[in-house]
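Some notes on the structure that comes next.
Protein chains: 2
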Amino acid sequence: MKVYNFAPGPATLPEEVKLEAQRDFVNYNNSGMSVTEMSHRSKVYEEIHNEAQSLLAELMGISDDYKILLLQGGASMQFGAVPLNLLSKGKADYIVTGNFASKAAKEAQKYGDIAVVASSKDKNHTYIPDVDSVAFREGTDYVHLTSNNTVYGTRYIKYPKTEAPLVSDMSSMILSEVIDVNKFGLIYAGAQKNIGPAGLTIVIVRKDLMGKAMPVCPTMLRYDIHAENNCLYNTPPAFAVYMAMLNFRWLKKLGGVAEIQKVNEYKASLLYDFIDNSGFYKNPVQKEFRSLMNVPFTTPSEELDAKFVSEATKNGLISLKGHRSVGGMRASIYNAMPVEGVKALIEFMKKFAVENK
Amino acid sequence: MKVYNFAPGPATLPEEVKLEAQRDFVNYNNSGMSVTEMSHRSKVYEEIHNEAQSLLAELMGISDDYKILLLQGGASMQFGAVPLNLLSKGKADYIVTGNFASKAAKEAQKYGDIAVVASSKDKNHTYIPDVDSVAFREGTDYVHLTSNNTVYGTRYIKYPKTEAPLVSDMSSMILSEVIDVNKFGLIYAGAQKNIGPAGLTIVIVRKDLMGKAMPVCPTMLRYDIHAENNCLYNTPPAFAVYMAMLNFRWLKKLGGVAEIQKVNEYKASLLYDFIDNSGFYKNPVQKEFRSLMNVPFTTPSEELDAKFVSEATKNGLISLKGHRSVGGMRASIYNAMPVEGVKALIEFMKKFAVENK
Chain A
1 MKVYNFAPGP ATLPEEVKLE AQRDFVNYNN SGMSVTEMSH RSKVYEEIHN EAQSLLAELM
61 GISDDYKILL LQGGASMQFG AVPLNLLSKG KADYIVTGNF ASKAAKEAQK YGDIAVVASS
121 KDKNHTYIPD VDSVAFREGT DYVHLTSNNT VYGTRYIKYP KTEAPLVSDM SSMILSEVID
181 VNKFGLIYAG AQKNIGPAGL TIVIVRKDLM GKAMPVCPTM LRYDIHAENN CLYNTPPAFA
241 VYMAMLNFRW LKKLGGVAEI QKVNEYKASL LYDFIDNSGF YKNPVQKEFR SLMNVPFTTP
301 SEELDAKFVS EATKNGLISL KGHRSVGGMR ASIYNAMPVE GVKALIEFMK KFAVENK
Chain B
1001 MKVYNFAPGP ATLPEEVKLE AQRDFVNYNN SGMSVTEMSH RSKVYEEIHN EAQSLLAELM
1061 GISDDYKILL LQGGASMQFG AVPLNLLSKG KADYIVTGNF ASKAAKEAQK YGDIAVVASS
1121 KDKNHTYIPD VDSVAFREGT DYVHLTSNNT VYGTRYIKYP KTEAPLVSDM SSMILSEVID
1181 VNKFGLIYAG AQKNIGPAGL TIVIVRKDLM GKAMPVCPTM LRYDIHAENN CLYNTPPAFA
1241 VYMAMLNFRW LKKLGGVAEI QKVNEYKASL LYDFIDNSGF YKNPVQKEFR SLMNVPFTTP
1301 SEELDAKFVS EATKNGLISL KGHRSVGGMR ASIYNAMPVE GVKALIEFMK KFAVENK
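From first to last, the protein sequence lines are chains A and B.
Take the first sequence: its letters are residues 1 to 357, numbered as in our numbering.
Take the second sequence: its letters are residues 1001 to 1357, numbered as in our numbering.
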């Protein structure tokens, strides 16, 4: 049975990327080796490593003012690494628009004076606060936000203008829409949504922000150390970097971020339009802030939600269960989810609504 | 051309493990998905995760007094995590027998009163200090050592009896010889030598040592947090865990650690005996402390060393260049290096010696 995987991450990868990785798994580029076993100091691996970085720079339009770091630990590790590296004055502002934004703020509180300057908690994170009316504090090291909220299905459509560098967790929307990197001091993202397998974390950091880490910052979390060593200070997660490189090539061949954004907008509009007109399913998010990547929805009852998830699974539409803090369902439709997958989901939703009205 | 990969890590993986991973790469266990894209909250992944842990417990004889953690960041991340988790009294002793042991001690000095109580630096780390005559301090949180020194090719043949829990970096010898885990408070190892691809780090920690982390310890480095969440606090490096699980199955099928230890002793003895009797190659390590995993050696001159590495590469014997701090060559012959690989290396060494005497 054809399976469409709507998991929020790790998430579906492009078919041709998987097939290429499979074909070359035991003998990459006639090296006689698998990428899983080659030295990270070898020329053959170094080419993969450097191509991953340069393709990402090209796809996102990242200038030489920034370093691209290939790290480990996921966004959750960056919740600590960001304050440990950037809190030189000891003060930062956070906007809390969901689960991970809240975790990021909580972790930062261990290291300095952290203020939550705006939050969408009052309406269960179904919107993004007006960024123009936020009272940011003076003299902060940075302002932190979460561009797309995986659990609640919201996204920023506009970014605040701040004096302090803007830091964003872009885990669940990186490469899905055009972003002006120059607006940010630092961007980070776990790879397991739009980039590749779990185990790789991307950090894009403006060079002038490095070199001010707190003395208690573990060496392995220091951006400057990784930047100076081209992320070969210790052994990188080589196979995940390789898969990311293949994904970047795939995206470039498709026409890049501007092109995939159109596809993403189309996929999302198909699903949201269907939900809004169904008279059966509901999405709770304010329309203008709806995520292109994560679409939460409910049926009229919790019993039907459970039945929906169970029957969808039997039909090859998997990992649709919503996050425990929201309930219902959530369809994650990242770059690699084909239009056919979204259409198959809608067809199933139609049938289910008719049968259970 | 058949390639034998003597890299110190990432290192050669068993042929049948690679072939199985390749076969199932696009459709694991009839799930319709690759392990690189499946949710870490799915049943199919959870089975992999739990089997990896239970097989490791079985192979190493790890009792219920310990937790097995599947983490990210490599041994280098543990250089910081160990003191951040264990330094509740603020004091620890380190034995420095090489490059990584020295890095571990240096990192720990950021967090407490760290003493290097023994070192082999006086003889360029060609031996292991007598563990019975070390003056360990009183009232320390732990004693740290490095069981096998990848760069210098030495290994502990006996462990000190200490009042404080013994902590060991076993990255380059884990699963290569029988170890009594009960002698240790904590064992850690990067996966990329005897376990699987880079990107996975194993920590085996005695339960009573957890829960005393320093306030500045990042949440993601806290052993208790990972233990409480069965290492699913955030997204684990799922594909590396899967490859580790396949490696553990392979080792179990071979008869386990006691059996592979015999093979490792045989492979090492072939190589050391040849070197010692060659009248051309030299290994600088005191015989009783010679590593079973990493065999450094030199020819009579640096010019010939360079020529050796270059010609060996042309003959499919790759990554033999020694670490920059030692020079010469180094053959890493981990569990997955077949006896034939060691024999092929010796044949080449014989030929090279005759041609260059």
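Think of the CB as a built atom: it goes at the ideal place given N, C-alpha and C, for glycine as much as any other residue.
Item, Value
"For a minimum of 4 consecutive residues, which ranges assigned as the alpha helix (DSSP H) are wholly contained in the region 1223-1274 of chain B?", "1223-1228 and 1238-1254"
"Does the region 250-257 of chain A come into contact with the region 309-327 of chain A, if we say contact requires no fewer than three beta-carbon pairs (one atom in each stretch) closer than 8 Å?", "no"
"Provide the residue(s) that pair with B/LYS1282 in DSSP beta bridges, ordered along the chain.", "B/THR1298"
"Let me know the alpha helix (DSSP H) ranges lying completely inside the region 23-92 of chain A, each 4 residues or longer, listed in chain order.", "43-60 and 74-86"
"So with Cβ pairs under 8 Å, would you call B/LEU1013 a contact of chain A?", "yes"
"Quick one: any contact between the region 1068-1083 of chain B and the region 1190-1204 of chain B, if contact means 3 or more CB pairs under 8 Å?", "yes"
"Relative to chain B, which residues along the region 47-81 of chain A have a C-beta separation below 7 Å, given in chain order?", "GLN72, GLY73, GLY74, SER76, MET77 and GLY80"
"Just how far apart, CA to CA, sit B/ALA1135 and B/ALA1108?", "19 Å"
"Could you give the distance in angstroms between the alpha-carbon of B/ASP1065 and the alpha-carbon of B/VAL1181?", "10 Å"
"Expressed to the nearest angstrom, what Euclidean distance is found between the alpha-carbon atoms of A/LYS267 and A/ILE179?", "19 Å"
"CB of B/GLY1061 to nearest heavy atom of the ligand FAD: below 7 Å?", "By its list of ligands, the structure shown contains no ligand whatsoever, and the ligand FAD lies outside what it can speak to."
"For B/LEU1019, which residues in chain A fall below 7 Å Cβ to Cβ?", "VAL26"
"Looking at C-alpha atoms only, which residue of B/TYR1242, B/LEU1175 and B/MET1337 is the closest neighbour of B/ILE1062?", "B/LEU1175"
"Quick check on DSSP: helix, strand or coil for A/ALA115?", "strand"
"Are the CB atoms of A/ILE95 and A/ALA115 nearer to each other than 8 Å?", "no"
"Taking the runs of the beta strand (DSSP E) that are 3 residues or longer, which of them lie wholly in the region 170-197 of chain A?", "186-190"
"Would A/VAL216 count as contacting chain B if we go by Cβ distances under 8 Å?", "yes"
"Kindly list the residues whose CB is nearer than 6 Å to the CB of A/TYR28, restricted to its own chain and excluding five residues on each side of it in sequence; keep chain order.", "VAL35"
"Figure out for me which residue from A/LEU13, A/ASN230 and A/HIS40 has the closest Cα to the Cα of B/PRO986.", "Outside the displayed span of chain B (1001 to 1357) sits residue 986 of chain B, for which this structure offers no information."
"Taking the Cβ atom as the reference point for each residue, do B/GLY1098 and B/THR1146 lie within a distance shorter than 8 Å?", "yes"
"Just reading off the beta strand (DSSP E) that B/LEU1345 is part of, what are its end residues?", "Where B/LEU1345 is concerned, there is no enclosing beta strand (DSSP E), although the alpha helix (DSSP H) it sits in stretches over 1339-1356."
"I need the boundaries of the beta strand (DSSP E) containing B/SER1102, first residue and last residue.", "Careful: B/SER1102 lies outside any beta strand (DSSP E), inside the alpha helix (DSSP H) at 1099-1108."
"Out of B/ASN1234, B/ARG1137, B/ILE1128 and B/ALA1075, which one is the CA nearest neighbour of B/SER1172?", "B/ALA1075"
"How should A/PRO14 be labelled, buried or exposed, when 16 other C-beta atoms within 10 angstroms of its C-beta is the threshold for buried?", "buried"
"Report the residues of the region 186-211 of chain A with a CB closer than 9 Å to any CB of chain B, ordered along the chain.", "GLY190, GLN192, GLY196, PRO197, ALA198, GLY199, LEU200 and THR201"
"Taking 7 Å as the limit between beta carbons, can you name the residues of its chain near B/PHE1025, skipping five residues before and five after?", "SER1034"
"For a contact defined as C-beta to C-beta under 8 Å, what are the partners of B/PRO1010 on chain A?", "THR36, GLU37, MET38, SER39, HIS40, THR235 and ALA238"
"How long is the line joining the alpha carbons of B/LYS1262 and B/ILE1333, rounded to whole angstroms?", "13 Å"
"Do you know whose CA, among B/LYS1158, B/HIS1125, B/THR1140 and B/HIS1144, lies nearest B/VAL1131's CA?", "B/LYS1158"
"Residues in the region 1093-1118 of chain B with C-beta within 9 Å of chain A's C-beta atoms, listed in sequence order?", "LYS1103, LYS1106, GLU1107, LYS1110 and TYR1111"
"Taking only beta-carbon atoms, is A/THR146 less than 8 Å away from chain B?", "no"
"Using 8 Å as the threshold, is the C-beta distance between B/LEU1056 and B/PHE1239 below it?", "no"
"Can you give me the start and stop residues for the beta strand (DSSP E) that A/VAL205 sits inside?", "201-206"
"Closest by CA to B/GLN1072, which one among B/MET1170, B/ALA1189, B/TYR1152 and B/LYS1110?", "B/ALA1189"
"Let me know the secondary structure DSSP gives A/VAL17 once reduced to three states.", "helix"
"Could you pull the start and end residues of the beta strand (DSSP E) that A/HIS144 belongs to?", "142-146"
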